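Asks:
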Amino acid sequence: MTAGTGTPAIEPAGTPAIETAGLTLRYGNFTAVNDVSLRVAAGARHALIGPNGAGKTSLVHALTGNVPATSGTIRLGGEDLTALPQAARVRRGLTRTFQINQLFRGLTVLENVSLAILERERKTRNFWRSATADRAVAEEAREHLAFVNLDAYAARPVHALPYGLQRLVELAIALGTKPRVLVLDEPAAGVPAAQSEAIFERIHALPRDLTLLFVEHDMGLVFRFAERITVLVQGAIMTEGTPAEIQADERVREVYLGRRGHHAAA
Amino acid sequence: MSGLISILADGIAYGMLLFLFSIGLSITLGLMRFINLAHGAFAMCGGYAAVVLLNGFGVPFLLTLPIAAVLTGAIGVVLEQLVIRRVYPMPELQQVLFSIGLAFAAGAVANILFGPQQQPMLLPDWLTTRVDLGVVEITGYRIFLILFGLVAAGALVALFNATLFGARVRAAVDNRRAAEGIGIHVTRLFAITFGLGAAFAGLGGALAVGFLGLDPTFPFKYLVLLLMVVAIGGPGSIAGSFVAAVALGAIDALFKYYVPEVGSFVIYGILVLMMVFFPKGLASRRAA
Amino acid sequence: MRLVRVGAGLPLLLLAVAGYFLFPEYLTLFTSLFILSVFALSYDLLQGHAGVVSLGHAVFFGTGAYTAAILARHGLEEPLLGLLAALLVSAALALVLTRIVVVGNDLTRLLVTLGVGFLVFEAANQARDLTGGADGLSDFTMGPVLGLFRFDFAGETAFFYSLAVLALVYFFLWRLAGSPFGLALRGIRENVRRMPAIGAPVRRHLATAYTISGGIAGLAGALLAQTSNFASLDMLGFERSAEVMMMATLGGTGSIPGVVLGATGLGYLKDALSAMSPKYWQLGIGIVLMLSVFVLRGGIAGAFTALLRRLRGRA
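Chains as they are written, first to last, in the UniProt record's numbering: chain A, 1 to 266; chain B, 1 to 288; chain C, 1 to 315.
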């Protein structure tokens with residue numbers, strides 16, 4: 001990977017890595033995402049927070065194409081992705097992870113990551129060569145596994161791993177798609193505090209030219225790892241700013257921190 | 001004109017039978033998410049029960065119907081309690097394999113007990129005589145079937161919409177966990193509902209002998225139609241199943257009569273087209 | 001699993017050849033078992049590898065059988081050309097049908113495959129001129145294989161001919177299972193929701209698998225028509241679709257040698273039970289299918305792997 005933009009882009013400037021305009025997602029009468037215009041700068045560590053049911057996961061769905069948006073546009077580095085299905089967005093560099101593990105449970109850890117690489121390289125059209133004989137793919141897969149400290153588990157089937165380690169496989173698979181923008185939906189969900197620390201430490205170590213947008217509940221982690229924060233309430237953006245600004249914002253305190261303050265310590 | 005009406009009457013009577021066959025399948029799919037490809041076996045069971053009672057023991061026709069229904073329902077409850085409820089939580093493939101196996105076994109047992117031939121059934125005179133309706137003459141049996149189907153559908157709608165039992169079933173179809181949360185005994189509800197579905201299929205089977213015939217291939221013969229009724233009507237929807245069954249019955253009869261060369265294709269053609277244009281099925285609607 | 005997959009091919013082949021010397025009077029039975037194995041392997045590519053069920057796979061088997069029979073009636077007597085044509089026609093039909101099979105969930109897929117199965121059955125029944133209707137086709141003769149090996153009464157040519165096709169299909173599918181495409185199919189089986197999130201063209205993968213599977217099923221059908229000199233409606237029927245589903249499941253979905261063993265074992269059982277009466281075979285199918293859901297979840301291959309694991313654990 002090439003070097004990042006040098007200094008972290010704190011202020012959104014220039015062409016954002018990913019940008020939505022008026023993004024809206026309705027399920028019947030219920031508006032899950034309401035007119036969201038979000039800009040995430042290249043190389044950003046951008047957090048998406050909000051109380052339960054604020055529509056964070058719905059926004060991730062609409063952004064990455066899991067669920068087609070009702071209206072609005074999505075641009076990745078200037079290119080309009082709105083009409084593209086999820087797989088096509090992934091191939092252009094927009095990848096997500098899931099709040100609840102979505103893994104290939106019966107395959108080995110190495111196969112999980114290799115599959116993502118093989119799909120990216122369009123090698124899955126080959127039905128004659130041995131998948132394991134592809135040195136380049138195996139090497140890259142092992143690099144991703146080494147990055148998340150799972151190299152020792154490469155040959156194990158995923159379902160045999162403890163949940164905390166499975167969360168890291170979730171991340172390693174996403175890395176196998178070589179994203180430009182990675183959307184992480186509560187990467188440490190369902191994991192004890194000590195381990196979520198380790199997961200975020202790995203996320204923090206990702207190369208700076210990879211743009212990160214992540215949903216997280218734990219305010220302690222958000223304020224430590226995010227450089228910019230967007231607050232979502234009832235499907236719409238309430239405010240956006242630096243961690244310091246968000247911490248100082250009375251309205252945020254009211255809708256979010258006030259009620260869930262005890263969570264910050266967790 | 002009179003020809004058209006008598007064919008339509010045929011088709012609607014056929015539709016009523018399809019409705020009785022399929023309502024249990026619809027409910028088990030909507031409620032337990034169980035794909036029961038063996039549901040036709042319950043209809044067959046009711047059919048054989050009626051034949052044995054009528055031909056073997058001389059039980060009057062009208063009395064064979066409730067007995068067939070109760071007997072089939074009882075068999076359904078026993079099967080549900082012994083094995084089928086253990087299949088509910090399994091993946092779809094396992095459900096399919098299990099229920100196909102059950103249907104094969106049921107057909108084979110019928111073959112061993114009663115032989116491969118069509119079962120004769122002596123209907124009472126008042127059902128075989130033709131009734132003059134002014135424009136057209138229809139056999140009493142068609143009229144009986146249509147009236148019976150309407151009454152059964154009405155009774156089911158009343159049961160599901162106006163009783164506590166029905167409210168519980170609807171709640172469980174909508175959201176099983178929430179239903180459990182408010183104290184509905186879901187396991188028992190499943191058993192009763194399954195038995196009820198089997199009983200209606202048995203009733204339909206008993207009624208069908210004099211109209212569609214009965215042999216050991218019965219469980220698979222109407223399988224596609226039953227699944228279509230459920231897919232079009234929406235799993236768990238009584239009104240939907242009723243409309244779908246009557247419509248399919250009428251369409252099938254019309255085409256088989258007027259264009260016999262392609263008649264048997266039409267239903268399968270509709271099925272395939274339906275799936276092309278509504279790949280998610282028309283079945284995503286809510287329960288009745 | 002891996003060990004079983006790699007190691008079982010050659011012993012199975014040797015076993016088949018040994019059968020030729022040990023039970024020369026059963027060559028016809030062996031031939032039909034080989035053909036069933038080819039058919040079961042074709043279906044297992046869908047159910048075992050990609051996790052996609054179908055209740056109408058006999059459509060392709062029957063298409064292959066009729067293709068070979070009809071071509072032979074019109075003078076194409078070279079069996080290998082007939083096989084090739086059957087492969088292509090069945091694969092083309094499968095490709096056309098993927099559009100409706102690949103969409104939707106398991107329930108709609110079951111409905112569609114069932115519907116297509118009945119539709120094709122009816123079509124074949126009506127097209128009497130082409131298919132012979134309920135009587136089937138038997139007024140054709142097959143030439144010698146490659147112009148050299150005549151189909152004989154003892155069934156020796158048929159035996160080796162079918163075994164050769166089985167071995168080729170086995171080898172091909174074994175390569176496929178270990179290939180990137182095979183891995184992608186297993187990915188679909190393990191988690192179809194994640195696949196688009198890694199940029200995978202799921203529909204395209206399924207369409208490819210379905211086309212290959214249909215083509216191989218057509219090969220199996222053609223083999224049966226050529227070696228038995230007969231093509232009939234039951235080769236298209238629902239019962240055959242249900243049987244193949246059962247064979248693949250019982251053998252252990254996704255395990256190639258397991259499927260061959262499953263098809264062979266059940267084929268033998270069918271032969272034995274049907275000899276008494278078809279109804280006993282149906283009862284047998286039914287009971288075995290119901291039991292298979294509760295015991296033997298991984299099929300024969302699964303049981304074998306578990307046994308190996310246990311033996312190793314003790315050592």
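For every residue, glycine included, the Cβ atom is placed at its ideal position computed from N, Cα and C.
Quantities reported herein were computed from a predicted structural model and do not represent experimental measurements.
1) DSSP puts B/L18 in a beta bridge; with which residues?
2) How would you list, in chain order, the residues of chain C whose beta-carbon sits under 9 Å from the beta-carbon of B/E261?
3) In this structure, how does DSSP classify A/R208 when only helix, strand and coil are distinguished?
4) Hey, out of C/A91, C/E77, C/F61, C/T113, whose CA is closest to C/V52's CA?
5) Which one of B/G249, B/G210, B/A191 has the shortest CA to CA distance from B/V77?
6) Skipping 5 residues on each side, what residues in its chain have a beta carbon closer than 7 Å to that of A/P12?
7) What ranges does the beta strand (DSSP E) occupy inside the segment 25-97 of chain C, keeping only unbroken runs of at least 3 residues that lie completely in it?
8) Listed in chain order, which residues of the segment 65-91 of chain B have Cβ atoms closer than 9 Å to some Cβ of chain C?
9) Whose C-beta lies closer than 8 Å to the C-beta of A/T108 among residues of the same chain, with five residues either side of it excluded?
10) C/L12 by DSSP, collapsed to three states: which one?
11) To the nearest angstrom, how far is it from the Cα of C/L223 to the Cα of C/M142?
12) Exposed or buried, what is C/W281 when buried is set at 16 or more other beta-carbons lying within 10 Å of its beta-carbon?
13) Identify the residues that DSSP records as bridge partners of A/H46: which are they?
14) When you compare each of B/A198, B/A231, B/L254 to B/A13 by their alpha carbons, which one comes out closest?
15) Out of curiosity, what's the CA-to-CA distance linking A/T20 and A/E121?
16) I'd like to know whether the C-beta atoms of C/G286 and B/A43 end up nearer to each other than 8 Å.
17) Per DSSP, which one or two residues make a beta bridge with C/L137?
18) Taking all protein chains shown into account, decide if C/G237 is buried (16 or more other Cβ within 10 angstroms of its Cβ) or exposed.
19) Since B/A245 and B/F19 are thought to touch, with beta carbons under 8 Å apart, how far apart are those beta carbons, to the nearest angstrom?
20) Curious, which full-length alpha helix (DSSP H) runs of at least 4 residues does the segment 129-161 of chain A contain?
21) Do we get a CB-CB distance below 8 Å when we pair B/N36 with the residues of chain C?
22) A/V33 bridges to which residues according to DSSP?
23) Under 8 Å Cβ-Cβ, which residues of chain B neighbour C/Q282?
24) Along the segment 241-275 of chain C, where does the CB come closer than 8 Å to a CB of chain B? Name the residues.
25) Have a look at A/H263 and A/L206 and give me their C-alpha separation to the nearest angstrom.
26) Taking the DSSP output, what are the residues bridged to A/L94?
27) Take C/H74 as the anchor and find which of C/A86, C/F140, C/N125 has the nearest alpha-carbon.
28) List the residues that DSSP assigns as beta-bridge partners of B/E137.
29) Could you check if B/N161 is buried or exposed, using at least 16 other CB atoms within 10 Å of its CB as the buried criterion?
30) With 8 Å set as the bound, which would you pick, yes or no: does the beta-carbon of A/Q102 sit closer than that to a beta-carbon of chain C?
31) Where do the ends of the beta strand (DSSP E) carrying A/R75 lie?
32) For B/G73, collect the residues of the same chain with a Cβ closer than 6 Å to its Cβ; drop the 5 residues on either side in sequence, then sort them by chain order.
33) Under 8 Å, do B/I138 and B/S6 count as touching if we go by C-beta distance?
34) Does DSSP put C/R193 in a helix, in a strand, or in coil?
35) So the alpha helix (DSSP H) A/I117 belongs to, where does it begin and stop?
36) Leaving out five residues before and five after B/A9 in sequence, what residues of the same chain have Cβ atoms less than 6 Å from its Cβ?
Replies: Put simply:
1) Per DSSP, none; premise fails for B/L18.
2) Q126
3) coil
4) C/T113
5) B/A191
6) A caution first: A/P12 carries a pLDDT of 46, below 50, which makes its placement in the model unreliable, though a value can still be read off. Here the set comprises R39, A41.
7) none
8) V83, R86, V87, M90, P91
9) A154, A155, R156, P157, V158
10) helix
11) 11 Å
12) buried
13) A/L213, A/R228
14) B/L254
15) 28 Å
16) no
17) C/A231
18) buried
19) 4 Å
20) 135-147
21) no
22) A/L25
23) F104, A105, G107, A108, N111
24) A242, M245, M246, T249
25) In this prediction, A/H263 scores a pLDDT of 46, lower than 50, which makes its location untrustworthy; the coordinate-derived value is nonetheless stated afterwards. Distance between the alpha carbons of A/H263 and A/L206 is about 26 Å.
26) A/V181
27) C/F140
28) B/D132
29) exposed
30) yes
31) 71-76
32) G195, A198, A199
33) yes
34) coil
35) 109-120
36) I138, R142
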